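Chains as they are written, first to last, in our numbering: chain V, 18 to 319; chain A, 953 to 1665.
We treat Cβ as the ideally placed atom computed from N, Cα and C, and that holds for glycine.
None of these values were measured; they are calculated from a predicted model.
Right, one structure below, let's go through it.
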């Protein structure tokens, strides 16, 4: 019988409250999305990873649903749904149905496999719209929509069109990166239904500073006239490019260090923390490269 | 000390880095002014700065590449703008110059990389080179370890496999090969022998310090060697059997060799290509020192393999059995021996397929021979049946519709226990408790989820009783007992999980019953048929209601449950003649989801997702008082398919009083679909009185619709 001795003991860290900073850009986009809803057009939210598209969508969904709860008897009130899609590749057939299935599962619950196979796409779409109407969904956020094929997007557009014909206006908001705008633009049937194109721009240096101030109390103490403080923010801005999602890991790391030891932070300290973070990534990538080349190796040993 | 840190937050590893950082910070205050005082170039300051960052972060001396990684994009741009040479060379030169100034030290070189440290961050006396090994030395260590693991000299392929098995994925196979050749050149390892080459290599390598005689392989390493050994082992077993039973040696077929190889702990991948085994056997009989020979029988396509030293006269070539009964009994004996417990006709067929000498000579089908031979009594035309004197085949029961047979009368109780266990397992699988437990999280109605969990608990109790009964009878053999223990553990685990899940649910506000009703209201085929007619076109061609059993069983659209009143298949009363009944709620959901109306399909969808196999409406009724309209909507859908008097009453009430028009509309439909009394009168009243135009419109359409099919509106 083997005995294992180890000194390590798990200390579960306390859950930290999620800091959500509502920036001007987020407010502007949320406002325009709500304002455009009665028109029923589809929207595209596009921007690089970490810019805050998903956060904005979740926040807006939460706000809409909370607003609905306050007065469900208001006949203009509606609900919103946010969900992330997996990949639907083109060229495998039934893409429209797969797109509809995504919407169905996310909003009404898992569709019966028999119904999915048996019913034509327009029937599934009509059922979906009937369910939306009954459950009072009027905005649906489809995150990672770059994974969808054009066929799948057309399936979703079919549901939106049927909803419009039935007098129940539903806005589909596609959120994504990659070639999503081109996918939406390529087909006129889709293009002319996208009324609202939202581009999430990277924050400028000044905006990043403002954002950092709100994200962590340490940055709130920084003085804009201090050279080292400026260098700290400039380093973060130049390294992470004004994308909140990319800034969060180093802020979390810094937060952790500040809680444990309360060090005096300066530019070089921040650079060292950043270095420690990327070093692990580099090591993993270097080793993974070895593994990849071992997979590729098909030679005959001697 | 080496610090490798992942990209997540790691407080433990941060401590050390923090100390380094603090140490450096104490000295940092005057760094830049010091550099300026010494008149350093900007590029030198930047590189020194980066070296300090790298040293602090890693907690050790750093290579040039590691220093470059600590430079910012702007700094890299400035250095590249000032020098023509590549960045790594420039940084390397700057570090050398800084060494001359005394700001940087180097403890030495590993391979081609020099390591540097800043005197402000690290103590030169206490900062050795990192503990990195060269690839060659790593491969040598790997080879030695693989020799120890396999207990023999190894091929390059073995070393590659060993590296992969132990997670050394950074050592690519081509790198290992190159290092092995290098080690051979420097005489750190020897090539002691060769084997017939395959993808793993033909040379056997051993470290020089080991004795080659002790490490020569004892088992075949190649495919051909393995095939030859397997065939000869099989023939040796046959030789021993023949000498003990006084018969002749039975040659082996290719299929038998394949089965033996496939049943080994690590079946060779070559078995995936059937032709490879045949080719290997053909090659083995054609070599100059062949130990096998081919046996071809007249009039048969099949080829057999026999030892080269045994002539045909000493081989059993298939003239042993007189009757089909004997052949089938022998096939059954072999199948039971192979599997270790009672077998069905398919397993017996497999034995017959593998041994051509067991093929039936008569025209009777295997199933008929098995059934006839297993009968307790025998009889001929115009003669009274009498008890069979000698029985070689025993029917021990049915599992999932398949008859199971056994051959040994002495071990019959054990065989019966095995079949009972499998029947219990089958009953357990039918409950789908594990899936149902997992699907609880998709159920949005808490009270319904609690009812479903209680149903799972009731099922587990029932199965547990059956398993305990088996243990009490004490007729199980070791294998059956082991399987029974496994089943008991599984059922017990699911039961505990369900109990644990239930304990976390607070549904005190619902006033739910303490026990769940496990009875499933069922319909015979005759009762189901009228409901199927509007949605199932093939049902219209049915002449006898029982034909729909065949139609529906193909895709298992509607769940069937055992009929507690079942008497005999030949009973005149359909309720007593049906072994299984259709689950009424499941049938109604199927019918509604196949209907043309949006309302019926939506309600069927909600009910299917919520109800699972719960058929107790007492868990639904309290939800009708919920403030959340989504919950009320789902509860109404469930009641549409769980017909009960109280449910109908509440649906009628909701159809007129619920504040949400959508819920009123759904309740109206559900009331009608669940055969509520005076439904047309209710519809008329709603057409006149309801405040919402959509509800009035819906009620009107229902009134206008075609009689029995109104629910498809």
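Handout entry: Opening and closing residue of the alpha helix (DSSP H) in which residue 1350 of chain A lies
Key = DSSP places residue 1350 of chain A outside any alpha helix (DSSP H); the residue lies instead in the beta strand (DSSP E), whose first and last residues are 1346 to 1351.
Handout entry: DSSP state of residue 1682 of chain A mapped onto helix, strand, coil
Key = With chain A covering only 953 through 1665, there is no way to say anything about residue 1682 of chain A.
Handout entry: Buried versus exposed call for residue 285 of chain V [16 or more other C-beta atoms within 10 Å across all chains shown]
Key = Label assigned to residue 285 of chain V: buried.
Exercise for the section: Spell out a yes or no on whether the stretch 64 to 73 of chain V and the stretch 133 to 140 of chain V are touching, meaning 3 or more CB-CB pairs, one atom from each, closer than 8 Å. Expected result: With a cut-off of 8 Å on Cβ pairs, the stretch 64 to 73 of chain V is not in contact with the stretch 133 to 140 of chain V, counting fewer than three such pairs.
Exercise for the section: Take every Cβ of the stretch 1504 to 1523 of chain A, pair it with every Cβ of the stretch 76 to 92 of chain V, and state whether three or more of those distances are shorter than 8 Å. Expected result: Output reads no: the stretch 76 to 92 of chain V does not touch the stretch 1504 to 1523 of chain A.
Handout entry: Any C-beta of chain A under 8 Å from that of residue 85 of chain V
Key = Taking CB atoms only, residue 85 of chain V has no neighbour in chain A less than 8 Å away.
Exercise for the section: Work out the CA separation of residue 58 of chain V and residue 1664 of chain A for me, nearest whole Å. Expected result: Cα-Cα distance, rounded: 32 Å.
Problem - Beta-carbon contacts of residue 1140 of chain A that lie in its chain and below 8 Å, excluding the five residues immediately before and after - result: Cβ neighbours of residue 1140 of chain A beyond the five flanking positions: 1092, 1159, 1160.
Handout entry: Residue closest to residue 1516 of chain A, alpha-carbon to alpha-carbon, out of A:1254, A:1117, A:1561, A:1473
Key = Of A:1254, A:1117, A:1561, A:1473, the residue nearest in Cα terms is A:1473.
Handout entry: residue 1538 of chain A: contacting residues in chain C (beta-carbon distance under 8 Å)
Key = Protein chains V and A are contained in the structure displayed, whereas chain C is not.
Practice task
Could you check which residue in V:53, V:253, V:186 has the C-alpha nearest to that of residue 214 of chain V?
Solution key: When V:53, V:253, V:186 are compared, the shortest CA-CA separation from residue 214 of chain V is found for V:53.
Practice task
Kindly identify the DSSP beta-bridge partner or partners of residue 98 of chain V.
Solution key: Paired residues: V:157.
Practice task
Note down, in chain order, all residues in the stretch 1545 to 1557 of chain A with a beta-carbon under 7 Å from any beta-carbon belonging to chain V.
Solution key: Contacts with chain V (Cβ-Cβ distance below 7 Å) from the stretch 1545 to 1557 of chain A involve 1545, 1550, 1553, 1554, 1557, listed in chain order.
Handout entry: Rounded separation between residue 1434 of chain A and residue 1441 of chain A - CA only
Key = Distance from the CA of residue 1434 of chain A to the CA of residue 1441 of chain A, rounded to the nearest whole angstrom, comes to 11 Å.
Practice task
Flag this pair as touching only if the stretch 1236 to 1252 of chain A and the stretch 1310 to 1317 of chain A have three or more C-beta atom pairs under 8 Å; answer yes or no.
Solution key: Here the stretch 1236 to 1252 of chain A makes no contact with the stretch 1310 to 1317 of chain A; the two share fewer than three CB pairs at distances below 8 Å.
Practice task
Report yes or no: do the stretch 170 to 189 of chain V and the stretch 145 to 156 of chain V share at least 3 C-beta pairs separated by less than 8 Å?
Solution key: With the cut-off at 8 Å, the stretch 170 to 189 of chain V and the stretch 145 to 156 of chain V touch.
Exercise for the section: Pull up the DSSP beta-bridge partners for residue 1535 of chain A, would you. Expected result: The secondary-structure analysis by DSSP pairs residue 1535 of chain A across a beta bridge with A:1474.
Problem - Exposure label - residue 1558 of chain A; buried when at least 16 CB within 10 Å - result: Result: buried.
Handout entry: chain V residues whose Cβ lies nearer than 7 Å to that of residue 1009 of chain A
Key = Below the 7 Å Cβ cutoff, chain V contributes 289, 292, 293, 296 as neighbours of residue 1009 of chain A, in chain order.
Exercise for the section: Quick one: residues in its chain with C-beta nearer than 7 Å to the C-beta of residue 974 of chain A, no 5 flanking neighbours on either side, listed in chain order? Expected result: Because residue 974 of chain A sits at a pLDDT of 44, beneath the cut-off of 50, its placement in the model cannot be relied upon, and the point is left open.
Practice task
Tell me, to the nearest whole angstrom, how far the beta carbon of residue 145 of chain V is from that of residue 121 of chain V; I am working on the premise that it is less than 8 Å.
Solution key: Separation of the CB atoms of residue 145 of chain V and residue 121 of chain V is rounded to 5 Å, and the pair is thereby assigned contact status at 8 Å.
Handout entry: Contacts of residue 1614 of chain A in chain V (Cβ-Cβ under 9 Å)
Key = By Cβ distance, chain V contributes 150, 151, 152, 153.
Exercise for the section: Answer yes or no: does any C-beta atom of chain A fall closer than 8 Å to that of residue 252 of chain V? Expected result: Judged by the 8 Å Cβ criterion, residue 252 of chain V is in contact with chain A.
Exercise for the section: Would you list, in sequence order, the uninterrupted alpha helix (DSSP H) runs of no fewer than 4 residues that lie entirely inside the stretch 1383 to 1451 of chain A? Expected result: If we require 4 residues or more, the alpha helix (DSSP H) runs fully inside the stretch 1383 to 1451 of chain A come out as 1385 to 1390, 1398 to 1425.
Practice task
For residue 79 of chain V, decide whether its Cβ has a neighbour in chain A, counting only Cβ atoms nearer than 8 Å.
Solution key: Judged by the 8 Å Cβ criterion, residue 79 of chain V is not in contact with chain A.
Handout entry: Within chain V, partners of residue 1585 of chain A - CB distance below 9 Å
Key = Ordered by position in chain V, the residues that pass the 9 Å Cβ test against residue 1585 of chain A are 151, 152.
Practice task
Would you mind stating whether residue 253 of chain V and residue 239 of chain V have Cβ atoms separated by less than 8 Å?
Solution key: No; because the gap between Cβ atoms is not below 8 Å, this pair is not in contact.
Problem - Assumed close pair residue 1459 of chain A, residue 1572 of chain A - CB separation to whole angstroms, cut-off 8 Å - result: Wrong, their Cβ atoms sit about 13 Å apart, outside the cutoff.
Handout entry: Which listed residue (A:1625, A:1512, A:1604, A:1614) has its alpha carbon closest to that of residue 1644 of chain A
Key = For residue 1644 of chain A, the nearest C-alpha among the options comes from A:1614.
Exercise for the section: Tell me, please, which residues DSSP counts as bridged to residue 215 of chain V. Expected result: Beta-bridge pairing links residue 215 of chain V to V:62.
Handout entry: Candidates A:1012, A:1014, A:1030, A:1006: closest to residue 1022 of chain A by CA position
Key = If we check each option's Cα against that of residue 1022 of chain A, A:1006 comes out closest.
Practice task
Determine the direct distance from the alpha carbon of residue 1232 of chain A to that of residue 1175 of chain A, and round the result to whole angstroms.
Solution key: Cα to Cα, residue 1175 of chain A sits roughly 8 Å from residue 1232 of chain A.
Practice task
Please confirm if residue 1246 of chain A has its CB atom under 8 Å from at least one CB of chain V.
Solution key: Judged by the 8 Å Cβ criterion, residue 1246 of chain A is not in contact with chain V.
Practice task
Verify the CB distance criterion: does residue 255 of chain V have a CB-CB separation below 8 Å to chain A?
Solution key: Yes, residue 255 of chain V counts as interfacial toward chain A.
Handout entry: Exposure label - residue 200 of chain V; buried when at least 16 CB within 10 Å
Key = With 16 or more other Cβ atoms within 10 Å, it is buried.
Handout entry: Three-way DSSP call (helix, strand, coil) for residue 1095 of chain A in this model
Key = DSSP places residue 1095 of chain A in helix when its eight states are reduced to three.
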